[in-house]
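Okay, so the sequence shown: first residue is 1 according to the UniProt record's numbering, each after it adds one.
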Amino acid sequence: MADSRRVFVQLAGAQGSQVEVGAPVMAFVMPTDSWLSVVNEFLMSCNDDDMEVEQRPSGLLEGCVVMHAASLQLVSDPAGCEDGKQYILCMNANDAVRLQKQRFGDSSASSVTGTSDADADALARGSIALTDQLESLEELDYYFDDAGTLRHCRTNQAVFELMSDERRAGELDDIVKAAIFHIQMEMLAELAFKQARVPLDPQPDEPKEARSSIFLTSDWRTNANLLVVVNGGRGAQPGIWSRDLLIQEGLELGSMLPVMRRATACDFGVAVVNPSKNNVTIGNDTFPIRGSSSPDEHMLYVWDNIISRAQARNIYILAYSFGAKSVVTLIQNREEQVVKRVNALVFAEGAYRMDPSTTSPAVAQFLKQRAINFKGDDQISVGGHIPAEEEKLSCSCLSVGDLTASGPSADGKASPAAAPTSALSKRSSSNKARTISLSLETTFTYFVAARDRGCGAAQFISESEAKTRTWLGNVIRHRLDSLKPKKQSRRLSAAMGAHASESPHHRKTARRSSLDTDASSSAMRASIASSRGSNSSSHHSHGVSVSDFDLIKVIGKGSIGKVFLVRKKDTHVVYAMKDELDVGNFDAEFTSEPVVDSVCTHQSMVLSSTFADFTFNPSISESMRKR
C-alpha cells in the first residue's frame, strides 16, 4: 500500500488586477490516485468542503493548474507531489500565467507556456519573491525529535552544535527559518490558526513584500475571550519566543505551541501579533511596513484594525520582554478602550519603565490592578516580590528564581544547577524567555480566575499566598518535573547521536517525529503497542476505541477512502484516521491493515494501530461524514 504524502496547498485567485495567494493548508495525497482526485483533494482542503470528484461541475477540475509554490513549475502527475512540499492551486490557466508574470515579470514564460525548468529557475534566482516561500525541514534534512530538539536526520547532530561554527552561520539561519515555518504550519494545521497580512489594504505604490504576518484562531472574532500574544524579543517571529532558546532547549521552551495549546484548552481565542518585523529589504533598499514601522506602531495598528473589531468582552494579554513596552504604549494611547476591555495582563521579563510625569494615574492604577510580571532573579526566592521592579513597572512583580538553576528547592529558593554531564547541559540556556515556560501554569490559572471570578492581580496573588508560602515554587517545580522526561530524552539522544541509524527507514521516521512534546506521547505509544500486541488475539481487551478521539475535520480522500483529522482526548495528540466504511470494503487480506495512520507531524508512520472494537457503525460514520 503506497504511503500518503502530506503537502501544503495555497489557493490562488484573481483580486482586481492581481492574483492573490491564500494561506497554506494541509492536504494528503497518494501517488496512486488519479490526477483529478489529487486536484479535488487540494480543492477540498482549500475550501474546507467534502465534495467528491463526480459532484464537481463538469470541467472544473480539468481546468485547474497546480504549481510548485517556490518555482511556479507545473505539476500534473500525482507522483510529482512530494511529501512536505508546498503547492499553489489555480482555478484556471489564465490565473497561473498572471501569477507567474507577477512573480517573474512579463518576459517570463512559465511551465504553463512551455519554458524549460532551467529557464524558470534562472528567472526565479533573478527575481524578487513576493511571499516568504521557505524550505520545509524535510527538504533541509532536519527534524524535531521526540524531545523537541532540532536534529540532522542522517547524523542525528543537534542543530545547537552548529552555533559555535561561524563557517556554517548562513546554513543555521536557513535551518531556523525553516523551523519557524514548520511551527507556523503546525499552528495552521493543528490549531486552526489563520494567517493575516498587515497592512490590510496594500497600496499600488507600495512594494508587495512590505507586509507582515499575524496569526488568528478561526474563532478570534466571535470568542467571548481573546488572548493576545506579544513577543518583543529582538528578531522574533510568530510561533517562537526566542531563536536561541528554540535551538538550545527545543520546542517546549522555545516555541509558542505550549501556550497556544493551553489557550485552546481553556477556550480562549488567540491572536499572535508580530511587532518585530518593521521593514523589508529589497535589493539594496529597505522599505518600512506601513502601520508597523516600529513595534509600538504595529501594536496600535493591530488593535485599531483587528483586535478592536473582535466581539470578545474580555481580552487577555501575554507579552514577553519589549512586547510589554508596546502593550503599555497601547494602554497609554487607547486608554479608554483598553481599560474597558482588557481583563488581565501577564508580562514575562517586562522591559519598560513607567514615567510618573507622563503617565496618567488611571493607567498606573490599571496596571497595578490587572498586571503581573514574572522575572528571573537569583537573589529573591521563587514567588517573592521584587520591590524595585514593582516600582519601575507599576505592577506586581514576582520572582521565578535563578534562570540558570535546575529548579526551586523545598524552601522556595532556587537550587544550584547540576554539574554539566553532556553537551546539552553545557549549552543549557539562561535565556530570559525561559520565564514564559516556568510561569505557564500560573499565567493561565490567573487568566481563568480573571475570566470566571473577575479576580484581579493582587487578589489572585493574595489567595495563592494564603494557601502556601511557597505556592509559586510548587507550581514551577511541577512544571519542571513535566519537562524532565524531555530533558532526559535530549541527553540520551545526544549520547546516541554518533551511532544513529542512517537507513532510509530511520530518516523517514525521524522526519516525521513528534512536534508535540507533551510527555503523554509515551502513553500513546504504550497504547499503540498494546493494541498491536492484541491484533493476533480474537479479543481486544486494552485497545483504543473510536470514542477516544475527537473529530477535527475531514482532510481528504485517497485511494483507501476518507481520512479524518482527529485529536486523542487524553493526550491531545493529532492523528489522521481512515474511514471505517472503506476499511470494511477491503478484501479479507486487508482487514488487518492499520485504520489509524499517524500521517500528521506528531507521530511517525510506524506508529500505527488497528482500533479494538472498531467495527461498522452507520450512525458514527454518518455523523463523521456530516461533520
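Just so it is clear, CB atoms sit at the ideal spot from N, CA and C, and this is done for glycine as well.
query, result
"4-residue-minimum alpha helix (DSSP H) runs that sit fully inside the stretch 317-384, ordered along the chain", "322-333, 335-341 and 361-370"
"Ser-37 versus Pro-275, Ser-45, Met-260 and Val-53, residue with shortest Cα-Cα distance", "Val-53"
"Buried or exposed by the 16-neighbour rule on C-beta atoms within 10 Å, applied to Phe-586", "Summary for Phe-586: the model assigns pLDDT 34, below 50, so the residue's position carries little reliability, and this model does not support an answer."
"Contacts around Asn-333, its chain only, beta-carbon distance under 7 angstroms, and the 5 residues preceding and following it disregarded", "Leu-300"
"Same chain only: Cβ atoms within 7 angstroms of Lys-368, ignoring 5 sequence neighbours per side", "Ser-394 and Cys-395"
"C-alpha distance - Pro-204 paired with Gln-195, whole-angstrom precision", "22 angstroms"
"Option nearest Leu-246 by Cα separation, candidates Arg-434, Pro-207 and Val-39", "Arg-434"
"Burial state of Gly-233, where buried means 16 or more other Cβ atoms lie within 10 Å", "buried"
"Whole-Å CB distance - Val-198 paired with Gly-291, under 8 angstroms assumed", "6 angstroms"
"C-alpha gap between Trp-220 and Glu-186, whole angstroms", "18 angstroms"
"For Cys-90, three-class secondary structure by DSSP", "strand"
"CB-CB length for Phe-322 against Pro-288, believed under 8 angstroms", "In fact, because the Cβ distance is near 18 angstroms, the residues do not count as touching under 8 angstroms."
"Cα-Cα separation, Arg-6 to Asp-146", "19 angstroms"
"Rounded distance between the beta-carbons of Ala-23 and Val-9, thought under 8 angstroms", "With 8 angstroms as the limit, Val-9 and Ala-23 do not qualify as a contact, their Cβ atoms being about 10 angstroms apart."
"Inside the stretch 214-258 only - alpha helix (DSSP H) runs reaching at least 4 residues", "243-249 and 251-254"
"Sequence-distant residues of its chain with Cβ nearer than 8 angstroms to Asn-92 (five each side left out)", "Gly-63, Cys-64 and Val-65"
"Buried versus exposed, by CB contacts within 10 Å (16 or more), Asp-33", "buried"
"Opening and closing residue of the alpha helix (DSSP H) in which Cys-46 lies", "35-47"
"For Pro-288, the three-state DSSP class (helix, strand or coil)", "strand"
"Residue from Glu-190, Asn-279 and Thr-149 whose Cα sits closest to the Cα of Lys-568", "Glu-190"
"Segment limits, beta strand (DSSP E) that includes Ala-14", "5-15"
"Separation of Ala-351 from Glu-252, as counted between CA atoms", "23 angstroms"
"Cα-Cα separation, Leu-150 to Gly-473", "30 angstroms"
"8 angstroms contact criterion, which Ile-372 and Leu-403 should meet: CB distance rounded", "At roughly 18 angstroms, the Cβ-Cβ gap does not stay under 8 angstroms, so Ile-372 and Leu-403 are not in contact."
"Status (buried if at least 16 other CB within 10 Å, exposed otherwise) for Met-30", "buried"
"Unbroken alpha helix (DSSP H) run spanning Val-448, endpoints", "440-453"
"Cβ-based neighbour list, Thr-443, same chain, cut-off 7 angstroms, excluding 5 preceding and 5 following", "Leu-318 and Val-346"
"Reference residue 639; option with closest CA among Ser-242, Glu-463, Tyr-320 and Ala-362", "With the chain running from 1 to 627 in the structure shown, residue 639 is simply not present."
"Spatially closest choice to Leu-438 from Val-327, Pro-258, Ala-450 and Ser-326, by CA coordinates", "Pro-258"
"Residues near Gln-184 in its chain [Cβ-Cβ closer than 6 angstroms; skip 5 each side]", "Gly-239"
"DSSP three-state assignment for Glu-54, whether helix, strand or coil", "helix"
"Residue of Pro-207, Asp-201, Ala-192 and Lys-208 minimising C-alpha distance to Ser-218", "Ala-192"
"Beta-carbon proximity check, Asn-225 vs Tyr-316, cutoff 9 angstroms", "yes"
"Buried versus exposed call for Arg-309 [16 or more other C-beta atoms within 10 Å across all chains shown]", "exposed"
"Cross-strand partners of Lys-568 (DSSP beta bridge)", "Phe-549"
"Which of helix, strand or coil DSSP assigns to Ala-495", "Because Ala-495 sits at a pLDDT of 42, beneath the cut-off of 50, its placement in the model cannot be relied upon, and the following sentence gives the value as read from the coordinates. Reduced to three states, the DSSP call for Ala-495 is helix."
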